[in-house]
Amino acid sequence: MPKIDKVIADKVVFRIEPAAEDPCRVRRLLETTGVFYPHEIDVAVELVDDRLLKGGASEYYFVFAQKCADTLGYVCHGPITMTEGRYDLYWIAVRKDAQGTGLGGELLRRAEEDILAQGGRIIYVETSSRDVYLPTRKFYLRHGYLEVARVPRFYGDDDDKLIYMKDI
18 MPKIDKVIAD
28 KVVFRIEPAA
38 EDPCRVRRLL
48 ETTGVFYPHE
58 IDVAVELVDD
68 RLLKGGASEY
78 YFVFAQKCAD
88 TLGYVCHGPI
98 TMTEGRYDLY
108 WIAVRKDAQG
118 TGLGGELLRR
128 AEEDILAQGG
138 RIIYVETSSR
148 DVYLPTRKFY
158 LRHGYLEVAR
168 VPRFYGDDDD
178 KLIYMKDI
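Next comes the structure, spelled out in structure tokens:
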């Protein structure tokens, strides 16, 4: 797995608990990527709100990468109800100007470590077949995830759901 770019690493702080400002920060971050629909961004913000409201009782776990007051990236994961050691990776995003620095790989590595520490053994990721998601799909493959399913026309007439998984 590639290491995070030293220029980014020297200035990034990683944390696992959301702060009161994170719903707004996550919204801004996801808007910079140019790939998410507004309703998808709303759902991502709801997951942060859930963790802020419920604390440790929430089923959503996070890793935030922050430089000063700017959130450069984050990942959200959680256990899949009624399974043994299976986790979903719900969101991973890196701000457009920080992409290509290794930050996404570092966030993923930290999420995988957290999942393993919680007793997780397999991680599932769902993503879109739209062309704009090609870099995302390549990212998962580079980090050892395998495409295990394709659900035709799931998100729309020309948009399949792709499911990736990784044994950790």
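All you need for the working numbering is the position in the sequence shown, starting with 1, plus 17.
The beta-carbon is built from N, C-alpha and C at its ideal position, and this holds for glycine as well.
Using only alpha-carbon positions, find the residue among the options that is nearest to residue i.
{"i": "Cys85", "options": "Glu38, Tyr162 and Tyr157", "result": "Glu38"}
{"i": "Val168", "options": "Ser145, His160 and Thr153", "result": "Ser145"}
{"i": "Gln116", "options": "Lys28, Gly90 and Arg44", "result": "Gly90"}
{"i": "Arg126", "options": "Lys178, Lys183, Tyr172 and Asp174", "result": "Lys183"}
{"i": "Leu133", "options": "Gly73, Gly161, Tyr162 and Gly102", "result": "Gly102"}
Do residue j and residue i have their beta-carbon atoms positioned less than 9 angstroms apart in this structure?
{"i": "Val165", "j": "Ala128", "result": "no"}
{"i": "Ile109", "j": "Leu124", "result": "yes"}
{"i": "Pro35", "j": "Val65", "result": "yes"}
{"i": "Val142", "j": "Tyr162", "result": "yes"}
{"i": "Glu76", "j": "Thr98", "result": "yes"}
{"i": "Ile33", "j": "Tyr104", "result": "no"}
Please name the residue or residues paired with residue i in a DSSP beta bridge.
{"i": "Thr144", "result": "Leu179"}
{"i": "Phe31", "result": "Ala82"}
{"i": "Arg167", "result": "Leu179"}
{"i": "Gly173", "result": "Asp176"}
{"i": "Ile139", "result": "Arg103 and Asp184"}
Assuming residue i contacts residue j (C-beta within less than 8 angstroms), just tell me the rounded distance between them.
{"i": "Val43", "j": "Thr88", "result": "7 angstroms"}
{"i": "Tyr150", "j": "Val52", "result": "7 angstroms"}
{"i": "Asp174", "j": "Arg147", "result": "With 8 angstroms as the limit, Asp174 and Arg147 do not qualify as a contact, their Cβ atoms being about 12 angstroms apart."}
{"i": "Ala82", "j": "Leu120", "result": "6 angstroms"}
Subject >> Inside the region 38-111 only - alpha helix (DSSP H) runs reaching at least 4 residues >> reply: Counting only runs of 4 or more, we get 39-50 and 55-71.
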